[in-house]
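**Student:** Residue 340 in our numbering sits at position 340 of the sequence shown, with consecutive numbering throughout.
Yeah, the Cβ is synthetic: ideal placement off N, Cα and C, and Gly gets one too.
Because the structure is a prediction, the values reported are computed rather than measured.
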Amino acid sequence: MKYFLQPTLLSFFLLNFLLVVNFLLVVGVHGDGDGVLVVNTSVPLIPEKADRFAMPQEISLGGGGFDQYPGDGFGRGLGSSPLPVITLMLRSTSGKLNLKRNDADPSTGQQGFGQRRQSDGGAIGQGRSGGELPPDDDWNLEKQLQEFESLLAQLDKEMTSLLGEVVLLSDLDDTLLPANRGKRELTKRLRELFAAFVNKWRDRGKLRLVVVTGAIIGHGEWQYFADHQLPEPDFLVSLGSGVRAWNAAVNVMARPETGFYNDFMPAVSQLPGNLHIRADGFHFDRYISFTADLTQQLAQLFAAQGISITDAQNNELGPIFALTVGPQLNLNNKEARDLLRRAAFNLFGAIAKLRFNPDKHEVTLSLPVTKGEWMSRLAKAMGLNGSTIIAAGDSEIDEDMLVPKQGSHFSVHTAIVVGNAGRGFKAQMMRSPGVLMSTFSCILGVAQGFLKGLKQIVLEQAMRAIQV
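Below, the structure is given as structure tokens:
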């Protein structure tokens, strides 16, 4: 685990090396098993002591402590802060740094490569209460291609036995695609093999790929996947997250043959001009800013649909609105509720969700923000709510996608936490049933977990066939 200190003024960069060492000894900052020391901006740049320095990154304020959030945020709805965190990559010759000097509590992150489990039946730690986490993948790239080819051969065998279809639901950065550019170059061949596997079984009607990412990909969605040797997903939700979300776009896209345009969005939308509808989906210029400004517009928008809204309030975090309807609408009446549902669909498409409180003449309208909420709307609109889903992710922003909240329109058979996920997130997810901890990073970890989940699905199908 990495410890993050409160940021101080950037002027402290002028402190000399000796003062910094004394400072670290006092506060007890320490490096983890990978030889990485994360400190705040009071630490000056010491290039002769480090291989490199990372650029300032965002960190999450949620989840009971600081954890690194490079690019994603909005963890647990609490937002994120663009605190200028510096990561000092220590030279390998410097050994393990532990200024806390607590020999009684060795870090599990210091386990060697020889202790890492292989990708057969015992490869993955099953989610449970308590127990040790699997060791971190140390990116032994020489063995990754051989390991991946073996996994794909086993996956092909299981897919042959699979009855029906399975959906792979996945995060993008640091799950399917390494965020580190150097690792992206080194793992191109793995992604090329993965793309061939997905396309092969998608053509046979046995596999669909859904990607929900906090990255802002932009208008060249499909070209982005081709450029990174990844298969086009059947559905893509690309949403800005964290601080960037306030001025960020949201893209919801689908491959042409999915019928997305007719099923997900109305033929004529009342949404303002910052929504651009395309043949393969829609694009919000500034989705979060738009939803934040909706409160004053909702009464007029619903009035254009023939429904009187006497009051609209936004008392909860995110785009969740409490609407008071006119007394002529009896919310106990099915026709009245259906009228409101049609109006909401005409205004916002399938992303709108309504809940009714007849006693108070109130309707709660919620629009999606988190990955799990977007996936829930997608599942309902596109018929994925009955699908067998295996999901993969690496950080807290993926949590409600891996373990859907109550009332979601989709369920996850197997949730995969890839090996490069943070230790805090791993420990958190170990408490959830149906969660597998991969011992490999990124796409190799996804394949490892996918194989384990697929084997369980095929076995369950065989057992049901015997019972019949």
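Does DSSP put Met430 in a helix, in a strand, or in coil?
**Tutor:** Coil, per DSSP.
**Student:** Taking all protein chains shown into account, decide if Ile389 is buried (16 or more other Cβ within 10 angstroms of its Cβ) or exposed.
**Tutor:** That one is buried.
**Student:** Determine the direct distance from the alpha carbon of Phe410 to that of Pro404, and round the result to whole angstroms.
**Tutor:** The straight-line gap from Cα to Cα measures roughly 7 Å.
**Student:** From what residue to what residue does the beta strand (DSSP E) around Gln313 run?
**Tutor:** First-last of the beta strand (DSSP E) with Gln313: 309-313.
**Student:** For Glu165, does the three-state DSSP call read helix, strand or coil?
**Tutor:** It is coil, neither helix nor strand.
**Student:** Out of Leu317, Gln297, Glu460, which has the shortest C-alpha to C-alpha gap to His413?
**Tutor:** Closest option to His413, Cα to Cα, is Glu460.
**Student:** Among His219, Asn251, Lys188, which has the Cα closest to the Cα of Pro231?
**Tutor:** Looking at the Cα atoms, Lys188 is the closest of the given residues.
**Student:** Could you tell me which uninterrupted alpha helix (DSSP H) segments, each at least 4 residues in length, are contained entirely in the region 152-199, listed from first to last along the chain?
**Tutor:** Whole alpha helix (DSSP H) segments, 4+ residues: 181-186.
**Student:** Mapping the DSSP letters down to three states, classify Phe345 as helix, strand or coil.
**Tutor:** Note: Phe345 maps to helix in three-state DSSP.
**Student:** Return the residue from the list Ala226, Val418, Leu347 that minimises the CA-CA distance to Leu301.
**Tutor:** Minimum Cα distance to Leu301 is reached at Leu347.
**Student:** Short check: CB of Pro233 to CB of Cys442, under 8 Å?
**Tutor:** No; because the gap between Cβ atoms is not below 8 Å, this pair is not in contact.
**Student:** Which one of Asp280, Ala299, Phe321 has the shortest CA to CA distance from Thr291?
**Tutor:** The residue with the shortest Cα to Cα distance from Thr291 is Phe321.
**Student:** Count the C-beta pairs between the region 202-220 and the region 168-177 that are closer than 8 Å, then say yes if the count reaches three, no if not.
**Tutor:** As far as the Cβ criterion goes, the region 202-220 touches the region 168-177, which means the pair count is three or higher.
**Student:** State the beta-bridge partners of Phe282 as determined by DSSP.
**Tutor:** In DSSP, Phe282 forms a bridge with Val252, Ile277.
**Student:** Which of helix, strand or coil does DSSP assign to Lys405?
**Tutor:** Looking at Lys405 - three-state DSSP - the assignment turns out to be coil, as it is neither helix nor strand.
**Student:** Considering only the beta carbon of each residue, do Tyr224 and Val250 sit closer than 8 Å?
**Tutor:** Taking 8 Å as the Cβ cut-off, Tyr224 and Val250 do not qualify as a contacting pair.
**Student:** In three-state terms, what does DSSP make of Gly218?
**Tutor:** Coil, per DSSP.
**Student:** What distance in whole Å lies between the Cβ atoms of Ser408 and Ser376, which are believed to be in contact at a cut-off of 8 Å?
**Tutor:** Indeed, because the Cβ distance is near 4 Å, the residues count as touching under 8 Å.
**Student:** Hey, could you find the ends of the alpha helix (DSSP H) Ile446 is sitting in?
**Tutor:** Before going on, a small fix: residue 446 reads as Val here, not Ile. Residues 442-467.
**Student:** Buried or exposed: Leu163, going by 16 or more other Cβ atoms within 10 Å of its Cβ?
**Tutor:** Exposed is the call here.
**Student:** For Val417, which option in Leu275, Glu316, Leu155, Gly453 has the closest C-alpha, if you only look at C-alpha atoms?
**Tutor:** Closest option to Val417, Cα to Cα, is Gly453.
**Student:** Buried or exposed: where does Met463 fall if 16 or more other Cβ atoms within 10 Å of its Cβ makes it buried?
**Tutor:** Per the 10 Å Cβ criterion, exposed.
**Student:** Taking the continuous alpha helix (DSSP H) assigned at Met382, which residues delimit it?
**Tutor:** Residues 371-382.
**Student:** Name the DSSP beta bridge partners of Gly393, please?
**Tutor:** Paired residue(s): Val417.
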